[in-house]
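Here is the structure we will look at, set down as structure tokens.
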Amino acid sequence: MYFKNMRITLSLLKEFLDIKQDPKDIAHLFTSAGIEVDKIENEKPSFTNVFSVKVLDVQKHPKADNLVIAKVTDGNQNFQVVCGAKNCRKDLITAFAKIRATLTDEKGNTFKVNKAKLRDVESFGMLCSANELKLSLEKDQILELDIDFEIGKDLSILADPTFEISLTPNLGHLMSAIGLAREHAVKTIDHMMYDPKGQKALINNAEIFGAYFLGDIVINGLIGVVGPMLKSIGRNFIGWGRHQAFFKGVTEADLEKIFKQMTTAQD
Numbered sequence: 001m002y003f004k005n006m007r008i009t010l011s012l013l014k015e016f017l018d019i020k021q022d023p024k025d026i027a028h029l030f031t032s033a034g035i036e037v038d039k040i041e042n043e044k045p046s047f048t049n050v051f052s053v054k055v056l057d058v059q060k061h062p063k064a065d066n067l068v069i070a071k072v073t074d075g076n077q078n079f080q081v082v083c084g085a086k087n088c089r090k091d092l093i094t095a096f097a098k099i100r101a102t103l104t105d106e107k108g109n110t111f112k113v114n115k116a117k118l119r120d121v122e123s124f125g126m127l128c129s130a131n132e133l134k135l136s137l138e139k140d141q142i143l144e145l146d147i148d149f150e151i152g153k154d155l156s157i158l159a160d161p162t163f164e165i166s167l168t169p170n171l172g173h174l175m176s177a178i179g180l181a182r183e184h185a186v187k188t189i190d191h192m193m194y195d196p197k198g199q200k201a202l203i204n205n206a207e208i209f210g211a212y213f214l215g216d217i218v219i220n221g222l223i224g225v226v227g228p229m230l231k232s233i234g235r236n237f238i239g240w241g242r243h244q245a246f247f248k249g250v251t252e253a254d255l256e257k258i259f260k261q262m263t264t265a266q267d
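First residue of the sequence shown? That's 1 in the UniProt record's numbering, and the numbers climb one at a time after it.
Right, dumping it as structure tokens:
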């Protein structure tokens with residue numbers, strides 16, 4: 001008998017361990033420890049030759065109201081690209097697929113990005129949405145990266161492998177990220193990058209009442225809010241996310257976007 005499958009991302013495991021193995025080796029290690037890995041999602045990026053760029057300038061397309069002509073830079077070279085996304089704007093850091101880059105369509109077929117001419121204006125690549133990079137379901141606008149994200153960076157680093165694991169009732173100690181990380185550390189004779197420091201809890205003027213379960217407990221110091229990770233593991237962490245967002249400086253607007261993507265993904 002199995003519980004509902006558990007999902008965990010490689011980046012979440014790396015919060016606790018300095019992991020060097022590739023996803024297949026990690027899955028083999030778990031399997032050898034009696035932990036059944038059903039599948040690995042996003043084992044390899046669904047794209048190649050896609051880099052972070054900064055939008056230097058945006059002009060209206062002379063022959064199309066729904067298109068703009070953007071000039072972008074990867075820090076070494078400038079490119080002209082025609083784009084239809086409404087959020088394409090100056091100073092935006094986004095994803096740019098260069099000529100001869102490969103992307104994957106919704107049917108799983110790969111295709112190359114070529115030089116194109118849209119309404120008589122040449123386009124030397126493609127600005128990509130998160131959906132086109134298989135990073136999230138957002139497809140109505142191009143990817144928006146943090147303003148301090150390094151430009152010219154190969155965005156394959158954003159593809160986060162996700163392990164789907166079947167756990168039996170006797171493996172309760174593995175039903176958490178730290179539990180799986182600890183098991184990995186045991187198998188590889190590695191050290192955990194996790195050093196919890198105990199603190200005394202002082203309770204003053206507590207109201208005593210009869211109850212079988214106390215459900216409203218707030219724990220500080222958990223891993224920060226990371227939208228793609230939450231979506232990948234497919235769990236409804238809204239309460240946890242709101243609490244952590246407050247301490248991590250995530251705005252309410254950004255948090256609502258994350259929750260909307262999570263809800264859409266689960267539906």
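Glycine residues also receive a C-beta, built at the ideal position from the N, C-alpha and C atoms.
Closer than 8 Å by C-beta to K117: which residues in its own chain qualify, once you throw out the five before and the five after it? Chain order, please. In the sequence shown, the residue the question calls residue 117 occupies position 117. The answer, listed in chain order, is S123.
Give the secondary structure of E138 by DSSP, where H, G and I count as helix, E and B as strand, and everything else as coil. Indexing the sequence shown from 1 puts residue 138 at position 138. E138 falls in the coil class under three-state DSSP.
Should residue 286 go down as buried or exposed, given a rule of 16 or more other Cβ atoms within 10 Å for buried? Since the first residue shown for the chain is 1 and the last is 267, residue 286 is missing from the structure and cannot be characterised.
Can you round the beta-carbon distance between V82 and L67 to whole angstroms, since I take them to be within the 8 Å contact cut? As a first step, residue 82 must be located in the sequence shown, where it is residue number 82. As a first step, residue 67 must be located in the sequence shown, where it is residue number 67. In this structure V82 touches L67 by the C-beta definition: roughly 6 Å separates them, less than 8 Å.
What residues are listed by DSSP as bridge partners for M126? For the purposes of this step, residue 126 is taken as the residue at position 126 of the sequence shown. Under DSSP, M126 takes part in a beta bridge, and its partners are A97.
Straight-line gap, Q266 to L137 (C-alpha atoms, nearest Å): On the sequence shown, residue 266 is found 266 positions in, with the first residue counted as 1. On the sequence shown, residue 137 is found 137 positions in, with the first residue counted as 1. Unreliable positioning characterises Q266 in this predicted model, as indicated by a pLDDT of 48, which lies under 50. The coordinate reading is nonetheless provided below. Rounded to the nearest angstrom, the two C-alpha atoms are 11 Å apart.
C-beta contact flag for A85 and M126 at 7 Å: Within the sequence shown, the letter at position 85 stands for residue 85. Within the sequence shown, the letter at position 126 stands for residue 126. Cβ distance not < 7 Å, so A85 and M126 don't count as in contact.
Check whether the Cβ atoms of K134 and S46 lie closer than 7 Å to each other. Your numbering for residue 134 matches position 134 in the sequence shown. Your numbering for residue 46 matches position 46 in the sequence shown. Between K134 and S46, the CB-CB gap stays under 7 Å.
Quick check: the Cα distance between G172 and E36, rounded to an integer number of angstroms? Counting from 1 along the sequence shown, the entry for residue 172 is found at position 172. Counting from 1 along the sequence shown, the entry for residue 36 is found at position 36. Their backbone Cα atoms lie some 14 Å apart in a straight line.
Opening and closing residue of the beta strand (DSSP E) in which E144 lies: As a working note, residue 144 is residue 144 in the sequence shown. Per DSSP, E144 lies in no beta strand (DSSP E) and is assigned neither H nor E.
Any chance the segment 49 to 65 sits against the segment 7 to 25, with 3 or more Cβ pairs inside 8 Å? With the cut-off at 8 Å, the segment 49 to 65 and the segment 7 to 25 do not touch.
Element boundaries [alpha helix (DSSP H), containing D25]: Stepping through the sequence shown from its first residue, residue 25 is reached at position 25. Per DSSP, D25 belongs to the alpha helix (DSSP H) from P23 to S32.
Counting only runs of 3+ residues fully inside the segment 62 to 116, write out the beta strand (DSSP E) ranges in chain order. Qualifying beta strand (DSSP E) stretches, in chain order: 68 to 73, 78 to 83, 93 to 104 and 110 to 112.
Can you have a look at N220 and say buried or exposed, based on whether 16 or more other CB atoms are within 10 angstroms of its CB? Here residue 220 corresponds to residue number 220 of the sequence shown, with the count starting at 1. Below a pLDDT of 50, predicted positions are generally treated as unreliable, and N220, at 46, falls in that range; the measurement from the model is reported next regardless. If you draw a 10 Å sphere on the C-beta of N220, you find fewer than 16 other C-beta atoms in it, and that means exposed.
Could you compute how far the alpha carbon of I19 sits from the alpha carbon of T102? Counting from 1 along the sequence shown, the entry for residue 19 is found at position 19. Counting from 1 along the sequence shown, the entry for residue 102 is found at position 102. Whole-angstrom Cα-Cα distance: 28 Å.
DSSP state of I178, grouped into three classes? For this step, residue 178 is matched to residue 178 along the sequence shown. In the structure shown, I178 sits in a helix (DSSP, three-state: H, G or I).
For a test of the three-state rule: what should DSSP assign to residue 318, helix, strand or coil? Look at the range of the chain in this structure, 1 to 267, and you will see that residue 318 is not part of it.
Taking the alpha-carbon of F163 as reference, which of L202, A130, L155 and P23 has the nearest alpha-carbon? Here residue 163 corresponds to residue number 163 of the sequence shown, with the count starting at 1. Closest by alpha carbon: P23.
Put S11 into one of helix, strand or coil per three-state DSSP. Along the sequence shown, one-based indexing puts residue 11 at 11. Note: S11 maps to helix in three-state DSSP.
Roughly how far, in whole angstroms, is the beta-carbon of M193 from the beta-carbon of F30, given that I think they are within contact range, below 8 Å? In the sequence shown, residue 193 corresponds to position 193, counting from 1. In the sequence shown, residue 30 corresponds to position 30, counting from 1. Cβ-Cβ separation between M193 and F30: approximately 19 Å, too far for a contact (criterion under 8 Å).
Beta bridge counterpart(s) of E36 as assigned by DSSP: Position 36 of the sequence shown, counting from 1, holds the residue named residue 36. Beta bridge pairing from DSSP links E36 with S166.
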